[in-house]
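Visitor:
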Amino acid sequence: GLPGLVPSGEPRGAHARCTFGFTPRPGAPVKIFHGIVEGVVPPQPRGDNAFGWDPVFQPTEGGGLTFAEMSAEAKNNISHRRRAVDLLKDYLMSNLDAVLSEMKLAPVDVDAAAAAKVLVDQGWESTDAGRLEEARARFAEAAALAPECSRAHMGLAYVLCRSSQLPEEAEEAEAAYRRAVQLDPEGEASASAANTLANILEVKGDSAGAEEAYR
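Under this note's numbering, the letters of the sequence shown match residues 495 to 709, in that order.
#1: Let me confirm a value: MET648 is counted as buried when at least 16 other C-beta atoms fall within 10 Å, else exposed. Which label applies?
#2: Note down the Cα distance separating LEU639 from VAL612, rounded to an integer number of angstroms.
#3: Please work out which residues of its chain come closer than 6 Å, Cβ to Cβ, to PHE561, disregarding the five sequence neighbours upstream and downstream, and give them in chain order.
#4: List the endpoints of the continuous beta strand (DSSP E) containing PHE516.
#5: So the candidates are LEU677, ALA592, PRO641 and ARG656; which of them puts its Cα closest to the Cα of PRO523?
#6: Compute every distance between the C-beta of ARG576 and the non-hydrogen atoms of the ligand PLP, then say whether any falls below 6 Å.
#7: Who are the Cβ neighbours of ARG506 in its own chain at under 8 Å, not counting the five residues just before and after it?
#8: Taking the C-alpha atoms as reference points, what is the distance between THR554 and PRO641?
#9: What span of residues does the beta strand (DSSP E) with GLU555 cover, start to end?
#10: Here's the rule I'm using: 16 or more other beta-carbon atoms within 10 Å means buried, otherwise exposed. How should HIS574 be labelled?
#11: Can you look up GLU696 in the DSSP assignment and give me helix, strand or coil?
#12: Put GLU532 into one of helix, strand or coil per three-state DSSP.
#13: Spell out the partners DSSP gives LYS525 in its beta bridges.
#14: Whole angstroms is fine: what's the gap from VAL579's alpha carbon to LEU559's?
Have a look at this one:
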């Protein structure tokens, strides 16, 4: 195998590299992300957890162990693949609105309702994790993709209620909520109508209306 092709001798400098490319749509520029781990090639291959060249790469941050001597968890924590994924993830989270906007320009090859359901599920996952801006973007995209999806409008209203303090944002929340109820009067939106509407009215400064909705 590969370790047998590496001549023994003094340690030599080396690095492990993983490269990811990302583009939001066909024809758009490709962003490149390099995950790099510095290290050395040891005098002799070491380790039984062998995968490819793991026995002949000793990362600088590995405490003197080769990749093949490390546990899978320890290796993954510092691996070049993990670093490339983290760079890609950081880019997506820092440029989410721009990326989603670019993605909307791409031809839609999947059923809009199915795609909206995926986005809504992602929106609730982001909401549960406290990432409200991310959730808002997911619900808004779902509502734009499938305007008849009541769950998308309800999710958008809920997130706006939790994250917004401005009257104009409360107006947006109320509009999204009322659209959800209109689309599915007997569904999830209607079931939580009182609390949702009360929260919206409270943000708008309508304390009397909020109190009435709570009753």
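Ideal Cβ positions, reconstructed from N, Cα and C, are used throughout, including at glycine.
Guide: Walking through what the data contain:
#1: buried
#2: 11 Å
#3: ASP548, PHE551 and LYS569
#4: Residue range 506 to 516 is occupied by the beta strand (DSSP E) that includes PHE516.
#5: ALA592
#6: Absence of the ligand PLP is noted for the structure shown, with no ligands found whatsoever.
#7: VAL534 and VAL535
#8: The alpha-carbon atoms of THR554 and PRO641 are separated by roughly 52 Å.
#9: Bounds of any beta strand (DSSP E) do not take in GLU555, whose DSSP letter is neither H nor E.
#10: buried
#11: helix
#12: strand
#13: PHE516, per the DSSP bridge assignment.
#14: 23 Å
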